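Below is one structure, written out as structure tokens; the observations come after it.
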Amino acid sequence: MSAATSIRRSVTTGLIALFLASGTVAVGSSAPAEAAVVKPCKASMSVTQPRQYTKTSVKVSQVGARAKVTTTAKYKTTTTNKTAVASTKGTAVTTYSIGRATLNRKVVVDVVAKSGNTTWKCSTSFTPKR
22 MSAATSIRRS
32 VTTGLIALFL
42 ASGTVAVGSS
52 APAEAAVVKP
62 CKASMSVTQP
72 RQYTKTSVKV
82 SQVGARAKVT
92 TTAKYKTTTT
102 NKTAVASTKG
112 TAVTTYSIGR
122 ATLNRKVVVD
132 VVAKSGNTTW
142 KCSTSFTPKR
């Protein structure tokens, strides 16, 4: 063992002993933080192969009553968010206009619902057709 390693160990051991002797406890807060909970939900499309210039809806279920629901559709060149508030039964619907979305290119729709310290996550998709 080198002299430098021996000195580092001595200093570290001394600091630990000093800390323990002081009786000081380094804690961020006195109240324990509530842990975030992530749960699965269910999502489906009203039309899985919508034609261009039509609409399709994302149907979300199994989320908390009155949870804030955000759906995110990831198209080829853009991302579109829609929001809704779940019913007392834990369901929500958001609607997307298809427009000129790229034909035959799958659009993944991610769903995140939040209420208090609970988050629900799921996804679905649709593929625009001619």
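Just so we're aligned, residue 22 is where the sequence shown starts under our numbering, counting upward by one. Each residue gets a CB set at the ideal place from its N, CA and C atoms; glycine is no exception. Source: prediction; values computed, not measured.
(message) Tell me which residue opens and which closes the beta strand (DSSP E) that Thr75 is part of.
(response) Neither: Thr75 is in no beta strand (DSSP E) and is coded neither H nor E.
(message) Checking 8 Å against the spacing of the C-beta atoms, do Gln70 and Phe147 come in under that value?
(response) yes
(message) Considering only the alpha carbon of each residue, which of Trp141, Lys142, Arg151, Gly137 lies closest to Glu55?
(response) Among Trp141, Lys142, Arg151, Gly137, the Cα nearest to that of Glu55 belongs to Gly137.
(request) On a CA-only basis, which of Thr123, Gly85, Ala122 is nearest Ala105? Give me that one, please. (result) Sorting Thr123, Gly85, Ala122 by C-alpha distance to the C-alpha of Ala105 places Gly85 at the top.
(request) Return the Cβ separation of Val59 and Lys142 in integer angstroms, given the expectation that the two are a contact with Cβ distance under 8 Å. (result) 6 Å
(request) Please classify Pro149: is it buried, with 16 or more other beta-carbons within 10 angstroms of its beta-carbon, or exposed? (result) buried
(message) Out of Ala94, Lys63, Cys62, Lys89, which one is the CA nearest neighbour of Thr77?
(response) Per the Cα distances, Ala94.
(request) Confirm, please, whether the CB-CB distance from Val128 to Val90 is below 8 Å. (result) no
(request) Confirm, please, whether the CB-CB distance from Arg87 to Ala107 is below 8 Å. (result) Cβ atoms of Ala107 and Arg87: closer than 8 Å.
(request) For Ala3, count neighbouring C-beta atoms within 10 Å of its own C-beta (all shown protein chains included) and say buried if the count is 16 or more, exposed if not. (result) Because the chain is modelled from 22 through 151, residue 3 falls outside the range shown and cannot be assessed.
(message) If distances are taken between C-alpha atoms only, which option among Pro61, Val68, Cys62 comes closest to Thr116?
(response) Check the Cα spacing between Thr116 and each of Pro61, Val68, Cys62: the tightest is with Val68.
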